[in-house]
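Protein sequence lines, in the order shown, are assigned to chains A and B. Its first residue numbered 1, the first sequence is counted upward by one per residue in UniProt numbering. Its first residue numbered 1, the second sequence is counted upward by one per residue in UniProt numbering.
Number of protein chains: 2
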Amino acid sequence: MQGYDKYAFEPFAVTVDLAVLTIRAGALHVLLVERGQEPYAGRWALPGGFVLPDESAETAARRELAEETGLDDVSGLHLEQLRTYSEPGRDPRMRVVSVAFAALLPDAPEPHGGGDAAQACWLPYDSAGPLAFDHDRILADAHERVGAKLEYTCLATAFCPPEFTLGELQQVYETVWGTALDRPNFRRKVLATPGFVEQVPGAARLTGGRGKPAALYRAGGATALHPPLLRPTTEGRPS
Amino acid sequence: MQGYDKYAFEPFAVTVDLAVLTIRAGALHVLLVERGQEPYAGRWALPGGFVLPDESAETAARRELAEETGLDDVSGLHLEQLRTYSEPGRDPRMRVVSVAFAALLPDAPEPHGGGDAAQACWLPYDSAGPLAFDHDRILADAHERVGAKLEYTCLATAFCPPEFTLGELQQVYETVWGTALDRPNFRRKVLATPGFVEQVPGAARLTGGRGKPAALYRAGGATALHPPLLRPTTEGRPS
DNA sequence: TCAAAAGTGTTCTATATACACCCATGA
DNA sequence: TCATGGGTGTATATAGAACACTTTTGA
Numbered sequence: 001m002q003g004y005d006k007y008a009f010e011p012f013a014v015t016v017d018l019a020v021l022t023i024r025a026g027a028l029h030v031l032l033v034e035r036g037q038e039p040y041a042g043r044w045a046l047p048g049g050f051v052l053p054d055e056s057a058e059t060a061a062r063r064e065l066a067e068e069t070g071l072d073d074v075s076g077l078h079l080e081q082l083r084t085y086s087e088p089g090r091d092p093r094m095r096v097v098s099v100a101f102a103a104l105l106p107d108a109p110e111p112h113g114g115g116d117a118a119q120a121c122w123l124p125y126d127s128a129g130p131l132a133f134d135h136d137r138i139l140a141d142a143h144e145r146v147g148a149k150l151e152y153t154c155l156a157t158a159f160c161p162p163e164f165t166l167g168e169l170q171q172v173y174e175t176v177w178g179t180a181l182d183r184p185n186f187r188r189k190v191l192a193t194p195g196f197v198e199q200v201p202g203a204a205r206l207t208g209g210r211g212k213p214a215a216l217y218r219a220g221g222a223t224a225l226h227p228p229l230l231r232p233t234t235e236g237r238p239s
Numbered sequence: 001m002q003g004y005d006k007y008a009f010e011p012f013a014v015t016v017d018l019a020v021l022t023i024r025a026g027a028l029h030v031l032l033v034e035r036g037q038e039p040y041a042g043r044w045a046l047p048g049g050f051v052l053p054d055e056s057a058e059t060a061a062r063r064e065l066a067e068e069t070g071l072d073d074v075s076g077l078h079l080e081q082l083r084t085y086s087e088p089g090r091d092p093r094m095r096v097v098s099v100a101f102a103a104l105l106p107d108a109p110e111p112h113g114g115g116d117a118a119q120a121c122w123l124p125y126d127s128a129g130p131l132a133f134d135h136d137r138i139l140a141d142a143h144e145r146v147g148a149k150l151e152y153t154c155l156a157t158a159f160c161p162p163e164f165t166l167g168e169l170q171q172v173y174e175t176v177w178g179t180a181l182d183r184p185n186f187r188r189k190v191l192a193t194p195g196f197v198e199q200v201p202g203a204a205r206l207t208g209g210r211g212k213p214a215a216l217y218r219a220g221g222a223t224a225l226h227p228p229l230l231r232p233t234t235e236g237r238p239s
């Protein structure tokens, strides 16, 4: 750690990029902004921005999230640091090191379009065409990470409103993983894990217009899932 | 993304910090360097350094690893990005954003002490007292991450030399997790996972001076472990 | 011939899976 | 009364844990 100040004013910009995910109408959606300037003008990109001098990356990410979504209170939302992307050529203009985050939202309010972005909206994950910069990679990493964490953490409730049915919780798993799950077995697994969910006494909600009203649950205090809820064998997932 | 150049010359330094782990005499060890200057002069710290203008964080980490360990070829070693630490006050001198990595080494050559560091050596993980900066936290995060990845990836072979016995592989798990495992069951699990290890035909090695010589194995091609090799229930591990 | 370490086999139990079935509600 | 979604029960297969046992080597 000699020569500490030698590179102190090298032109490194530090930014955050956010993969904001939600579930709308049974499909995974991403919050994207349309770029107004070169490079990649007119292309979709992940929302993000500079880390300010007195901010941590997490603080900057939460600020950007609030700006882009227009939500009053983003303090309770799940923000997960993915990794940092630092390849020298990832931004053609200058050296930009970007700390990427995944954010999980329960309901999907229409984005303000406020903040920096020219235009912001929710797009289905599958049709989120080629994005600007290396954002395709970041988005794929976010999806993979979230999918993996559903297996061994209680993260799924972050996609749900404060009160939800077990059917809605199951839909989170099915949507993120892209596989169907056996409802009775899913139910047993979830209820057998202490602290995953806790029932709201007496409450019930009609989900599809028809059918028996479903009991409502809240997120419990647990964070880890023991034993894990493994996705149906995909044979050799990436690490 | 307006005002792109506004903060371009804000004094952000980007560094890498490495938690270099190995197993020596059945105990987890960390590579540490002694700081020669303030702040934290005389204290142990994780090796690390600045990301150069034309490097990615991964490249910088590998360069630092080679400098600190004095190894010729660090290209095959496992380097894993942990996360980025960016709290404004983490270095009292200036704004330093650090990308942390965990590196896993098979055998433990005595470090050169070359490169920047005044002195470098291996210390047992448990007696790696209070480190400089937020390096205690980084080291703990590295341990947790490696422990978790042993469960569902073939990462354990990264701690082993090119040819190893199943007993040595088991010792990796036991050392990192701090728990004893049933040898017959461990053996079956490992051999039942295709591509985890492959036997070196005819080769055998005497391990403890006495006893039956153990068959030798090489790391296989697989990266993921299906089904996972879960550590004995610790009830509610962190996410 | 004993201790130590490798390797094999067997039993018991917990968990996962795949269903069949019943319940409550709106159309 | 039928379709729809919620909730319960149960048989079977698979995987994990515990432990007894055999094999091969050096002292």
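C-beta atoms are modelled at their ideal positions from N, C-alpha and C, and glycine is treated no differently. As the structure is a prediction and not an experimental result, all values here were calculated from the model.
Asked                                                                                                                                                                                               : Found
Please report whether the beta-carbon of residue 214 of chain B lies at a distance below 8 Å from any beta-carbon of chain A.                                                                       : no
So residue 47 of chain B packs on residue 18 of chain B, CB below 8 Å; how close in whole Å?                                                                                                        : 5 Å
Can you give me the start and stop residues for the beta strand (DSSP E) that residue 33 of chain A sits inside?                                                                                    : 27 to 34
Could you tell me which of A/175, A/29, A/65, A/211 sits nearest to residue 127 of chain A, measuring between CA atoms?                                                                             : A/29
Assign residue 2 of chain A to one of three DSSP states: helix, strand, or coil.                                                                                                                    : Reliability of the predicted coordinates at residue 2 of chain A is poor, the pLDDT of 41 falling under 50, and the value obtained from them is presented with this limitation in mind. Residue 2 of chain A: coil per DSSP, three-state reduction.
From residue 123 of chain B to residue 26 of chain B, what distance separates their C-alpha atoms?                                                                                                  : 13 Å
Let me know the secondary structure DSSP gives residue 226 of chain B once reduced to three states.                                                                                                 : coil
On the DSSP bridge list, what partners appear for residue 97 of chain B?                                                                                                                            : B/14
Are the beta-carbon atoms of residue 151 of chain A and residue 231 of chain A separated by less than 8 Å?                                                                                          : yes
Would residue 223 of chain A pass as a contact of residue 160 of chain A if the rule is Cβ separation under 8 Å?                                                                                    : no
Does residue 95 of chain A have its Cβ less than 8 Å from a Cβ in chain B?                                                                                                                          : yes
Hey, quick one: how far does the alpha helix (DSSP H) through residue 167 of chain A stretch, first residue to last?                                                                                : 166 to 177
For a contact meaning CB atoms closer than 8 Å, what does residue 103 of chain A contact in chain B?                                                                                                : Result: empty, since nearest Cβ-Cβ is about 16 Å, beyond 8 Å.
Specify whether the region 212 to 228 of chain B and the region 188 to 197 of chain B touch according to this definition: at least 3 beta carbon pairs, one from each stretch, less than 8 Å apart. : yes
Give a yes or no on contact between the region 39 to 58 of chain A and the region 131 to 148 of chain A, applying the rule of three or more CB pairs nearer than 8 Å.                               : yes
So is residue 132 of chain B buried or exposed if we call it buried at 16+ other beta carbons inside 10 Å?                                                                                          : buried
Measuring straight from C-alpha to C-alpha, what distance separates residue 70 of chain B and residue 12 of chain A?                                                                                : 29 Å
Using a Cβ-Cβ cutoff of 8 Å, what residues of the region 166 to 183 of chain B are near chain A? List them in chain order.                                                                          : none
So, do the region 77 to 93 of chain A and the region 160 to 169 of chain A have three or more beta carbon pairs nearer to each other than 8 Å?                                                      : no
Between A/102, A/84, A/33, A/77, which lies nearest to residue 68 of chain A when the distance is taken from Cα to Cα?                                                                              : A/33
Closest to residue 221 of chain A by C-alpha separation, out of A/199, A/204, A/207, would be which residue?                                                                                        : A/199
With 7 Å as the C-beta to C-beta threshold (strictly closer), list the residues of the region 11 to 29 of chain B near chain A in chain order.                                                      : 11, 12, 13, 14
Within its chain, find whatever has a CB closer than 7 Å to the CB of residue 204 of chain B; leave out the 5 residues flanking it on each side and keep chain order.                               : 213, 214, 215, 216
Return the residues of the region 79 to 90 of chain B that lie within a Cβ-Cβ distance of less than 7 Å from chain A, sorted by chain order.                                                        : 81, 83, 84, 86, 87, 88
By a C-beta neighbour count over all protein chains shown, 10 Å radius and 16 as the cutoff for buried, is residue 6 of chain B buried or exposed?                                                  : At residue 6 of chain B, the pLDDT of 44 sits below 50, so the modelled position is not reliable; the number obtained from the coordinates is stated separately. The residue is exposed, with fewer than 16 neighbouring Cβ atoms inside 10 Å.
State the start and end residues of the unbroken alpha helix (DSSP H) segment that holds residue 144 of chain B.                                                                                    : 135 to 152
Helix, strand or coil: how does DSSP classify residue 210 of chain B here?                                                                                                                          : coil
Does the beta carbon of residue 57 of chain A sit closer than 8 Å to a beta carbon anywhere in chain B?                                                                                             : yes
Applying a beta-carbon distance threshold of less than 8 Å, which residues of chain B neighbour residue 51 of chain A?                                                                              : 12, 86, 97
Closer than 7 Å by C-beta to residue 136 of chain A: which residues in its own chain qualify, once you throw out the five before and the five after it? Chain order, please.                        : 130
How would you label residue 179 of chain B, buried or exposed, when you count the other beta carbons within 10 angstroms and need 16 or more for buried?                                            : exposed
Is the shortest distance between the beta-carbon of residue 134 of chain A and the beta-carbons of chain B less than 8 Å?                                                                           : no
On the DSSP letters alone, give me the boundaries of the beta strand (DSSP E) that residue 123 of chain B sits inside.                                                                              : 119 to 124
Name the chain A residues that come within less than 7 Å of residue 141 of chain B, Cβ to Cβ?                                                                                                       : Near residue 141 of chain B there are no residues of chain A at all, since even the closest Cβ is about 11 Å away, more than 7 Å.
By Cβ distance below 6 Å, which residues in the same chain neighbour residue 158 of chain B in space, the five residues on each side in sequence not counted?                                       : 78, 104
What is the DSSP secondary structure of residue 201 of chain B, counted as helix, strand or coil?                                                                                                   : strand
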